[in-house]
Amino acid sequence: MGFLIEVVWAALLVGVPVGLFTLALVWWALQGGHLKESTDTNALKREMKAMSMSDKKKKKKDPAWQKENLH
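Per the numbering used here, the sequence shown starts with residue 93, numbered consecutively.
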């Protein structure tokens with residue numbers, strides 16, 4: 093029984109701060125306009141893929157990034 097209590101206590105000590113940090117990070121991304129509110133996970137996945145493609149295009153056009161990463 094003591095082991096079970098220790099596991100629950102450890103989960104609380106780790107889970108609560110991680111959950112709060114995740115909540116704060118998502119709130120910050122939504123407020124900053126980095127992400128739009130999505131009604132489902134598919135819309136969020138599409139938005140993240142579009143952001144990734146946009147970043148790749150920016151890197152290809154940036155001569156400083158190309159020079160730095162040619163090695």
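Quick reminder that beta carbons are idealized off the backbone N, C-alpha and C, glycines included.
In the structure shown, the three-state DSSP call for Leu127 is coil. The straight-line gap separating the alpha-carbon atoms of Thr114 and Glu129 is approximately 16 Å.
Taking the Cα positions, Lys137 is about 26 Å away from Val108. Shown here, Met140 sits in a helix according to DSSP, grouped into three states.
Between the C-alpha atoms of Val110 and Trp101 there is a straight-line separation of about 14 Å.
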